[in-house]
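Going by UniProt numbering, the letters in the sequence shown line up with residues 1 to 518, in that order.
The structure appears below as structure tokens.
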Amino acid sequence: MVSSVTITQPAVLHDLNAAVEDVLRERWSLSMETLTKIQVALHLASSLVQETMNAHCPINKLPPELLALIFSAVPSSLSLPGYAGPSSATQTYDLLPVTHVCRGWRALALDMPSLWSTIPETATACAATSIFRARAQQAPLIVYVDRGRPSAALRDTLGQSEKIAELHLHDLREHTPAELSTDLLAFPGRWLERAIIRRRVARPGANEVDPTMVKGIVELFDGSAPKLRNLVLHDVPFLPSNSFESLTHLSVSFVSSPVYWSLHDLFELLLHTPMLQDVRISGLPTHLHPPDPPIMGSAPLPFLRRLEVGDCRGQDSSLNLMRSILAFIVLPSHCAIRLYGVDAHRLSPSTDIRIPFLEPSTTLTIDVTFTALALAAANPDTGSSLRLELNTAGATRTLLQQSIEAFVAGYATAIRHVIITSQRVWPSWCDSNLFLCLLPNVTHLELCDAHLVDQCIDALRPCMGADVECFRVICPSLEVLRLPVGLSNLLTDKLRVVLDERARCGLRLRCTVADQLL
């Protein structure tokens, strides 16, 4: 049997070479029809030979289950700007070369509807929407759009399919808000788990004013989305009127789009999302007025772990708007709150920046950069925290000092641990003596930058009276002082003197420099 194979193979090659030579010799005298038939025959023969060669490859000896796993790893993950949560969106166009390898691979790939469940449309790739939709069969769909206007095929898919698990809509600059709500977001949402809508609006203009959106409240997803867990709305001028009983992550942000809804509408949305764990709100206009009379503690969100509000737009201070949102929510004891983008120069000396908090905060962190001042109060035992980030451009030292005093006032007696990081020297943002006087019960003080140490040591030096037993000292409960590397010898000697003076007053202070006991 082996000898017959070895004899047959050269014979086949000889006959094939002879046929090719005849074609080459007579090609100028052959008709176009004959040349076409020869071309088809050669293409078919080449395909059959390639298929046979593929069959001998080691990878084709794997069972179909393993090949299916390999195929599922071929498409790359799609970029999802503004969303960092879980997603199954992949670039389905990466799978097309797999179906061109051989008939076996093509049959296996086409027999896996989940491989084709992502329908991507971008500015450069949108021709295969109908093909992917047909190959996905009854699998839950993942729709991804990053272009000015989705194709007609994709709009038909959204209008006819009920099994849409993820919806990622980006750009949409050619869609008005009314078209967005009635055309792209009106499908039944019974299978929907994630909806990320990020419009791109160049600037507010006449074409963006939509009279049908004046109320700002629209029913989305045919009124029902029981499985929806993630909802991101960026530059979307309306809010959904739905009740999302499974929603855990909500993000509402604005950069260029106008806002057609009121603060009361936002409160209504929060009331109908009891399972929220993460809420992020940014870019709201500061002229949004709270309901009159104010609604206090009406939205119990027992699972809320993170709340961010910031970068509000407008000429007014954003603190009143932030306080209204916080006052409306019943904050659980484990919630981490971040308020950012507040312009410090808009705060007046009478501005109350204290934020009511359920749990006493024991740790205070201050982070000063050349453009911002961040104040954070936290309780490590419960995980609760409040972080306030101020933009310092145009703000005087007096105003920054008053802001710090107002923030610390609500936690002064409870704070035990203070951490300070600063790119700026003390005199440019705060008086070290006045600051430390605010913290009578602090036990641990950590300075992360060497230029903060000198004035802090001066503040901690006891003020001795005529009698040794008569003295006045700042931070009498201070037990641990942690300092960074880079202290000069002169500063180290000065530190030892202050430690000795406090020790003579009965206030022993343990000091470490770069984690080494001094």
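For glycine and all other residues, C-beta sits at the position ideal for the given N, C-alpha and C.
Computed from a prediction, not measured in an experiment: that's the story for all the values here.
Buried or exposed for residue i, going by 16 or more other Cβ atoms inside 10 Å?
| i | result |
| --- | --- |
| Ala73 | exposed |
| Gln160 | exposed |
| Asn242 | buried |
| Gly82 | exposed |
| Thr512 | exposed |
| Arg510 | exposed |
| Trp28 | exposed |
| residue 528 | What the structure shows of the chain is the stretch from 1 to 518, and residue 528 is not part of that stretch, so it cannot be assessed. |
| Met322 | buried |
| Ile70 | exposed |
| Val232 | buried |
| Thr362 | buried |
| Ala55 | exposed |
| His43 | exposed |
| Thr182 | exposed |
| Ala206 | Because Ala206 sits at a pLDDT of 44, beneath the cut-off of 50, its placement in the model cannot be relied upon, and the following sentence gives the value as read from the coordinates. So Ala206 ends up on the exposed side. |
| Pro120 | buried |
| Pro75 | buried |
Report yes if the C-beta distance between residue i and residue j is below 8 Å; otherwise report no.
| i | j | result |
| --- | --- | --- |
| Ser384 | Ala378 | yes |
| Leu263 | His289 | yes |
| Ala165 | Leu141 | yes |
| Asp155 | Thr122 | The amino acid occupying residue 155 in the given sequence is Arg; Asp does not appear at that position. Taking 8 Å as the Cβ cut-off, Arg155 and Thr122 do not qualify as a contacting pair. |
| Trp116 | Arg135 | yes |
| Val252 | Pro285 | no |
| Leu276 | Leu250 | yes |
| Cys437 | Ile404 | no |
| Ala89 | Thr118 | yes |
| Ala139 | Tyr93 | no |
| Val480 | His444 | yes |
| Val49 | Ile38 | no |
| Arg194 | Thr157 | no |
| Leu304 | Leu266 | no |
| Leu487 | Ala450 | yes |
| Ile196 | Leu80 | yes |
| Leu399 | Leu373 | no |
| Pro332 | Pro360 | no |
| Arg387 | Leu339 | yes |
| residue 561 | Pro462 | This structure cannot settle anything about residue 561, because the visible part of the chain is limited to 1 through 518. |
Quick one: what does DSSP say residue i is sitting in, helix, strand or coil?
| i | result |
| --- | --- |
| Gly314 | coil |
| Cys335 | coil |
| Asn54 | helix |
| Val408 | helix |
| Ile70 | helix |
| Leu518 | coil |
| Glu308 | strand |
| Thr443 | coil |
| Leu233 | strand |
| Ile420 | strand |
| Arg280 | strand |
| Leu141 | strand |
| Cys463 | strand |
| Arg155 | helix |
| Ser224 | coil |
| Val252 | strand |
| Pro285 | strand |
| Arg472 | strand |
| Leu495 | helix |
| Gly104 | helix |
Under the DSSP definition of a beta bridge, which residues are partnered with residue i?
| i | result |
| --- | --- |
| Val40 | In DSSP, Val40 forms no bridge with anything. |
| Ala377 | Leu364, Leu386 |
| Asp146 | Thr122, His170 |
| Cys511 | Leu481 |
| Leu239 | Ile217 |
| Ala134 | DSSP lists no partner for Ala134. |
| residue 587 | The first residue shown for the chain is 1 and the last is 518, placing residue 587 beyond what the model contains. |
| Thr90 | Ser77 |
| residue 529 | Outside the shown range of the chain, which is 1 to 518, sits residue 529, and nothing can be said about it. |
| Pro247 | Here the sequence assigns Leu to residue 247, which means Pro is not the residue at that position. DSSP output for Leu247 lists no bridge partner at all. |
| Asn391 | Asp343, Ala372 |
| Val330 | Pro300 |
| Arg27 | Arg27 is not bridged to any residue. |
I want to check one thing, is the minimum distance from the CB of residue i to the heavy atoms of the ligand ADP below 7 Å?
| i | result |
| --- | --- |
| Ala377 | For the structure depicted, the ligand ADP is absent and the ligand set is empty, with no information on it obtainable. |
Indicate whether at least one CB of chain C lies closer than 8 Å to the CB of residue i.
| i | result |
| --- | --- |
| Leu233 | Here there is only one protein chain, and chain C is not present. |
Report task. Say whether the region 491–509 touches the region 449–466, bearing in mind that this needs 3 or more beta-carbon pairs closer than 8 Å, one atom from each stretch. Result -> yes
Query raised in the report: Does the region 106–119 come within contact of the region 55–63, defined as at least 3 CB pairs closer than 8 Å?
Result: no
Report task. Check whether the region 181–192 touches the region 222–230, taking contact to mean three or more Cβ pairs, one atom from each stretch, closer than 8 Å. Result -> yes
Query raised in the report: Does the region 332–345 come close enough to the region 389–409 that 3 or more CB-CB pairs lie under 8 Å?
Result: Contact holds: three or more Cβ-Cβ distances are below 8 Å.
Requested in this report: Examine the Cβ distances between the region 267–286 and the region 303–318 and report whether three or more of them are shorter than 8 Å.
Outcome: yes
Report task. Evaluate the contact criterion for the region 358–375 versus the region 421–434: three or more CB pairs, one atom per stretch, below 8 Å. Result -> Taking 8 Å as the limit for Cβ pairs, the verdict is that the region 421–434 does touch the region 358–375.
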